[in-house]
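Engineer: Handing you a structure now.
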Amino acid sequence: MTEFNKRLQELESLAPDLFGGDFLLTWENSLDNLKAVMLVAEMLQMLHKKKIPWRIFDYGLAISIFRDNSTRTRFSFASAVNGLGLALSELDEVKSQIAHGETVRETANMISFLTEVIGIRDDMYPGEGHTYMQEVADAVSEGHANGVLAQRPTLVNLQCDLDHPTQSMSDLLKLKDYFGGWDALKGKKIAMSWAYSPSYGKPLSVPQGVINLMTRFGMDVVLAHPEGYDLLPDTLDTAKTFANQSGGSFTHVHSMAEAFKDADIVYPKSWAPMAVMQKRTELLKQGDKQGLKDLEQHCLAENKRHMDWECTEDMMKITKAGNALYEHCLPADISGISCEHGEVAKTVFERYRLHTYQEAGYKPFVIAAMIFMSKVRQPVTKLSSFTR
Amino acid sequence: MTEFNKRLQELESLAPDLFGGDFLLTWENSLDNLKAVMLVAEMLQMLHKKKIPWRIFDYGLAISIFRDNSTRTRFSFASAVNGLGLALSELDEVKSQIAHGETVRETANMISFLTEVIGIRDDMYPGEGHTYMQEVADAVSEGHANGVLAQRPTLVNLQCDLDHPTQSMSDLLKLKDYFGGWDALKGKKIAMSWAYSPSYGKPLSVPQGVINLMTRFGMDVVLAHPEGYDLLPDTLDTAKTFANQSGGSFTHVHSMAEAFKDADIVYPKSWAPMAVMQKRTELLKQGDKQGLKDLEQHCLAENKRHMDWECTEDMMKITKAGNALYEHCLPADISGISCEHGEVAKTVFERYRLHTYQEAGYKPFVIAAMIFMSKVRQPVTKLSSFTR
Amino acid sequence: MTEFNKRLQELESLAPDLFGGDFLLTWENSLDNLKAVMLVAEMLQMLHKKKIPWRIFDYGLAISIFRDNSTRTRFSFASAVNGLGLALSELDEVKSQIAHGETVRETANMISFLTEVIGIRDDMYPGEGHTYMQEVADAVSEGHANGVLAQRPTLVNLQCDLDHPTQSMSDLLKLKDYFGGWDALKGKKIAMSWAYSPSYGKPLSVPQGVINLMTRFGMDVVLAHPEGYDLLPDTLDTAKTFANQSGGSFTHVHSMAEAFKDADIVYPKSWAPMAVMQKRTELLKQGDKQGLKDLEQHCLAENKRHMDWECTEDMMKITKAGNALYEHCLPADISGISCEHGEVAKTVFERYRLHTYQEAGYKPFVIAAMIFMSKVRQPVTKLSSFTR
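As given, the protein sequences belong to chains Y, Z and U, one line each in that order.
The first sequence begins at 5 in this note's numbering and counts up by one.
The second sequence begins at 5 in this note's numbering and counts up by one.
The third sequence begins at 5 in this note's numbering and counts up by one.
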């Protein structure tokens, strides 16, 4: 357990302030908070590999609210809360009375009498997801303060319109493992690049999350996308600031090749232009089906103009030693497998496939670590106790 | 733990006969049974507030069968069985083969080989819900008697066409806490009043449950509704008898103001007239969509004639010291929030909102207490053991 | 615990090789494997009857994938994994992103980071179900070998196109109990007979499973069906071989009466002709709704020609002493109850109803035993430890 103890010691040297809090956005959190979550995630994974239980609850519920389809995040959350000792209850908004006009405030309390954690995925509408999470957070705070709830449930962002912290931290943990520690990440070039996909409407939270996390670890982050596929402007500003603080860099280009040039890591992924997502939200709210259909057609046509934004073998050749690590949040749109033309060539994906599985494999432990750090007052002591 | 021990002593003084039984209707149960369930509910809530585990099962399933949408009851049941140590399995009648002609008798046994509890909500059709619960109860009794089931699952009524015992006992526990004990409830006037709502088809079980529970605790219960919004006649008869036995009273009026006059508690809530619910059941069975549409239109129009049945600030002023406690099973139809005109004025609801949350907060523990009393032969001994 | 210890001793005398493996088809397994699973199932059921916990996991997920509706198998799986200490997560393919083009290989890994067991029911399409299970098995093997998964989930076949091992072993355990041991089964005649049903499209796995399991225990197995209602030819070949090996027999006839003559056990059950199932699979894949409708009409008409294939009182009279044991996987199509004319007469079914419930009651424990034998290196030691 040398590796475990090394992390325990590093955790002891940090000053996180996660106890009793929610985890909504990485950029609201100190570097110590981020490191603490990731170190705990690694330690919980180590315990799991040795089948040493890491339960911290005697009983209680964990509630997931998914406003978008999901396999991997659903099962990651299910796994995380199971390991910690909670039972999962999914709030299905069709089954429940939420559809019947209940306010968020009321529902949040009604489901939380024995609830320790609420995980929310709400990534479809710019300006909505994070706001919704804050409303739920405020509601359970009020309930707890007024004796309605015996405990305040911890909120975990399982993907919102702004950030996807459990994903970006899993991405980073893979890099940490691959390159050999936090320090090894400094000066590494990562290309967070838009890539072509025949689908449309993919959220912005992954690229926004990646540029705002990797810049905090001294990496040289390059964001690349075709003209018009902008992210939310605020998220670019924070990424710049983080890069300055960490001694890394943040560059914004409109060429995949430029981003891939000498990159140590590439992250080619499709997303919808912010303006399209905003328009789509409006149309959805208005129930304008024809408008939505027209928008989709327009977007797919626009996307098609950028079919050359594909992570091909040729594109990989221009990366550092032709050998950059390929990352993806999965599922990837693989040319010749899931679609005719997509984000990545079949041979490239296949070469890195198991790496992407390992990348995804951190997510249950990142989620568990967020909950652990919010619920355990003495994390070092608690973690030590597991191995005794 | 003085408060805990006080309840333990009171429990010891009672002679409940709940062991091995189901909990379907409050009016089938002795006063000692009702008090025992409520005392245990309070004690389990106290343990929960101190995070002292109150598990009684090593393993086993709890099954919920919901024939109507529900958020709060679903999560209350999920919470209760989790605290007791069971895993929840929801019997979704769309997913299952019940739709394919299985008999209730067979299904009840097929799902119960490791099942300790079955919670059922079936409140839509007068004459159906309670009957269905009895069929399930008979089926698992037969299975248990014949060696099919190693244990007989306990049935818990999570709302039927007749009664909503987990709700009414939560309502009563809130009153007990608010006024300070069983004795303080004697002579308190509670107005169980119909109120206007733009929706239709709400079940009768809440008012029927309330008038049949509160009358047993010496309260002065006034039932109020417009002409034609009758409850099932039997439930009025039992309420009268209970009032006579307990030294309380039961009055039936057709004016909200008369009911609210000097009331200590008001419970303004919409329901559909019994005759409408019966008609609706027929039409549903016949699959008469046009008939259902017509009935709905007719009812909504009829409801509109009674829009003055709203719990307004003016109406509250005529209650005892203008200060009656407002109760509701939630979600309430709040004027200006969930609808233009509804059951209660926005300012009235907001003033009592946290009280209604606390009221709801008893429900998981009432459910747990019903199960506890059915499964634990020596409840006092068991409860004492938790705090050691 | 004499009965328990007797089984423990028998288990000790066997040489099963189930550790670390999947359970997909009975005919891939040695007789010792089959006996071991069934003995463990009996022992777990005994523990359950005495409410002695038989948990083997501290935490972890069990995932079920159901591609067909199911009540009893769903709850059997839920029960089995609960008793063993796992939390159930159902992979609902509508909710998940599988519908969005993910490969089986990827999904299998993405859901398995903390997963100990995957139970699959995929019985609709000949040539598909078993193949799908093998793909999932290969995927998690690859993931485990490459450090993606800390443990390799055990696959359990909850019904495929070829076999329904948890059903057939439950059927056999009922026979073992009814007749009094493995040896008592030798030479017993079982009629696995097609029976008329007004439905269509029922899978072949039950009859295929039964003829391939009962022949291994020295029974005289007679398969009966009208001309054209063939099973997969391979499954008949293996049944013949097994009968030769065990000293039993396998006969194939086209008369229910011939099969029932002097039978000790009858298993009258509807299934669709193999050729129809294959045709149906094609049409489903092509989305040919009219073709499917036509096929259904054709089949129902064809079925009607064989309405005399019913397990009537008269038919029962020709069985051994008019007193054969009736078996069924449930739900049965009961004449006069679930349909006008069906597989079995009402009075016959009612006489054996509780027997069929007991038959079904083995299933949770058969599933649990499959998992137990795959996960526990020293099953005898572990089982002994439960009773201490």
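Don't be surprised by glycine CBs; every beta carbon is placed ideally from N, CA and C.
All values derive from a computational prediction rather than experimental measurement.
If contact is defined by three or more beta carbon pairs under 8 Å, each pair taking one atom from either stretch, is the segment 166-176 of chain U in contact with the segment 284-304 of chain U?
Structural biologist: no
Engineer: Beta-carbon within less than 6 Å of Gln141 of chain Y's beta-carbon, same chain only, minus the 5 sequence neighbours each way: which residues are those?
Structural biologist: The question names Gln, but residue 141 of chain Y in the sequence shown is Ala. Same-chain partners within the cutoff: Asp26 and Leu159.
Engineer: Taking Cβ-Cβ distances shorter than 9 Å, what residues in chain Z pair up with Thr111 of chain Y?
Structural biologist: Per Cβ cutoff of 9 Å: Thr75, Arg76 and Pro335.
Engineer: Decide yes or no for the touch test of the segment 239-250 of chain Y against the segment 319-334 of chain Y: beta carbon pairs closer than 8 Å, at least 3 of them.
Structural biologist: no
Engineer: Does the beta-carbon distance from Met114 of chain U to Ala336 of chain Y come in below 9 Å?
Structural biologist: Contact flag unset, no.
Engineer: Who are the near neighbours of Leu287 of chain Y in its chain, counting only those whose CB is closer than 7 Å to its CB and skipping five residues on each side?
Structural biologist: Gly295, Leu296 and Leu299
Engineer: Identify which residue in Z:Tyr271, Z:Arg109 and Z:Val257 has its Cα closest to the Cα of Thr135 of chain Z.
Structural biologist: Z:Arg109
Engineer: Tell me the start and end of each unbroken beta strand (DSSP E) in the segment 259-312 of chain Z that is at least 3 residues and wholly inside, in chain order.
Structural biologist: Secondary structure within the segment 259-312 of chain Z: the beta strand (DSSP E) runs of 3 or more consecutive residues, fully enclosed, are 269-273 (chain order).
Engineer: Using beta carbons (cut-off 9 Å, strictly below), is Arg309 of chain Z in contact with chain Y?
Structural biologist: no
Engineer: Is the segment 274-281 of chain Z in contact with the segment 252-260 of chain Z, if contact means three or more CB pairs nearer than 8 Å?
Structural biologist: At 8 Å Cβ cutoff, the stretches do not touch.
Engineer: Taking Cβ-Cβ distances shorter than 9 Å, what residues in chain U pair up with Asn86 of chain Y?
Structural biologist: Tyr63, Gly64, Leu65, Leu90, Ala91, Ser93 and Leu118
Engineer: What residues in its chain sit with their C-beta under 7 Å from that of Asp381 of chain Y, if we drop five residues either side in the sequence?
Structural biologist: First, the amino acid is wrong: residue 381 of chain Y is Arg here, not Asp. Once the five neighbours on either side are set aside, the close Cβ partners of Arg381 of chain Y are Phe23.
Engineer: For a quick check, are the C-beta atoms of Met42 of chain Z and Val257 of chain Z less than 9 Å apart?
Structural biologist: no
Engineer: Answer yes or no: do Lys53 of chain U and Ala149 of chain Z have a C-beta to C-beta separation smaller than 9 Å?
Structural biologist: no
Engineer: For Ser388 of chain U and Arg125 of chain Y, I'd like the C-alpha separation in whole angstroms.
Structural biologist: 46 Å
Engineer: With DSSP as the reference, please indicate the residues paired to Val108 of chain U in a beta bridge.
Structural biologist: Val108 of chain U pairs with nothing; no bridge assigned.
Engineer: Taking Lys193 of chain Z as the reference, give the member of Z:Ser172, Z:Tyr200, Z:Thr219 and Z:Asp241 with the closest Cα.
Structural biologist: Z:Thr219
Engineer: Quick one: does Thr323 of chain U have its CB under 9 Å from some CB of chain Y?
Structural biologist: Not closer than 9 Å to any Cβ of chain Y, the Cβ of Thr323 of chain U fails to qualify, so no.
Engineer: Which chain Y residues sit within Cβ distance under 8 Å of Pro368 of chain Z?
Structural biologist: Phe117 and Leu118
Engineer: From what residue to what residue does the alpha helix (DSSP H) around Asp241 of chain Y run?
Structural biologist: Pro237 to Ser250
Engineer: Can a CB atom of chain Y be found closer than 9 Å to the CB of Glu46 of chain U?
Structural biologist: no
Engineer: Suppose you measure from the CA of Gly346 of chain Y to the CA of Ser93 of chain U; what does that come to, to the nearest Å?
Structural biologist: 31 Å
Engineer: Can you tell me whether Val214 of chain Z is helix, strand or coil according to DSSP?
Structural biologist: Per DSSP, reduced to three states, the secondary structure at Val214 of chain Z is helical.
Engineer: Per DSSP, what kind of secondary structure is Glu354 of chain Z in: helix, strand or coil?
Structural biologist: helix
Engineer: Please list the segments of the alpha helix (DSSP H) lying wholly inside the segment 83-163 of chain Y, counting only runs of 4 or more residues, in order along the chain.
Structural biologist: Qualifying alpha helix (DSSP H) stretches, in chain order: 108-114 and 133-149.
Engineer: For the pair the segment 74-81 of chain U and the segment 353-362 of chain U, tell me if three or more CB-CB distances fall below 8 Å.
Structural biologist: no
Engineer: Under 9 Å between C-beta atoms, does Arg392 of chain Y make it to chain U?
Structural biologist: No, because no Cβ of chain U sits closer than 9 Å to the Cβ of Arg392 of chain Y.
Engineer: Taking the C-alpha atoms as reference points, what is the distance between Leu118 of chain Y and Ala372 of chain Z?
Structural biologist: 12 Å
Engineer: Listed from N- to C-terminal order along the chain, which residues in the segment 149-169 of chain Z have their beta-carbon within a distance smaller than 9 Å of any beta-carbon of chain U?
Structural biologist: Asn150, Gly151, Val152, Leu153, Ala154 and Gln155
Engineer: Tell me whether Arg355 of chain Z is buried or exposed, calling it buried when 16 or more other Cβ atoms sit within 10 Å of its Cβ.
Structural biologist: exposed
Engineer: For the alpha helix (DSSP H) that contains Ala40 of chain U, what are its first and last residues?
Structural biologist: Looking at the DSSP string, the run of the alpha helix (DSSP H) that includes Ala40 of chain U is Leu35 to Lys53.
Engineer: What residue from Y:Met173, Y:Val85, Y:Ser259 and Y:Gly123 has the CA that sits closest to Leu217 of chain Y's CA?
Structural biologist: When Y:Met173, Y:Val85, Y:Ser259 and Y:Gly123 are compared, the shortest CA-CA separation from Leu217 of chain Y is found for Y:Met173.
Engineer: Write down the C-beta distance between Ala267 of chain Z and Thr323 of chain Z rounded to the nearest angstrom, noting that I regard them as a contact closer than 8 Å.
Structural biologist: 5 Å
Engineer: At the 9 Å Cβ level, is Gln382 of chain Z part of the contact set with chain U, yes or no?
Structural biologist: no
Engineer: Which residues of chain Y have a Cβ atom closer than 9 Å to the Cβ of Gly232 of chain U, listed in chain order?
Structural biologist: In chain order: nothing, as chain Y lies at least about 41 Å away.
Engineer: Should Ser197 of chain Y and Met260 of chain Y be called a contact, given that it needs their Cβ atoms to be closer than 9 Å?
Structural biologist: yes
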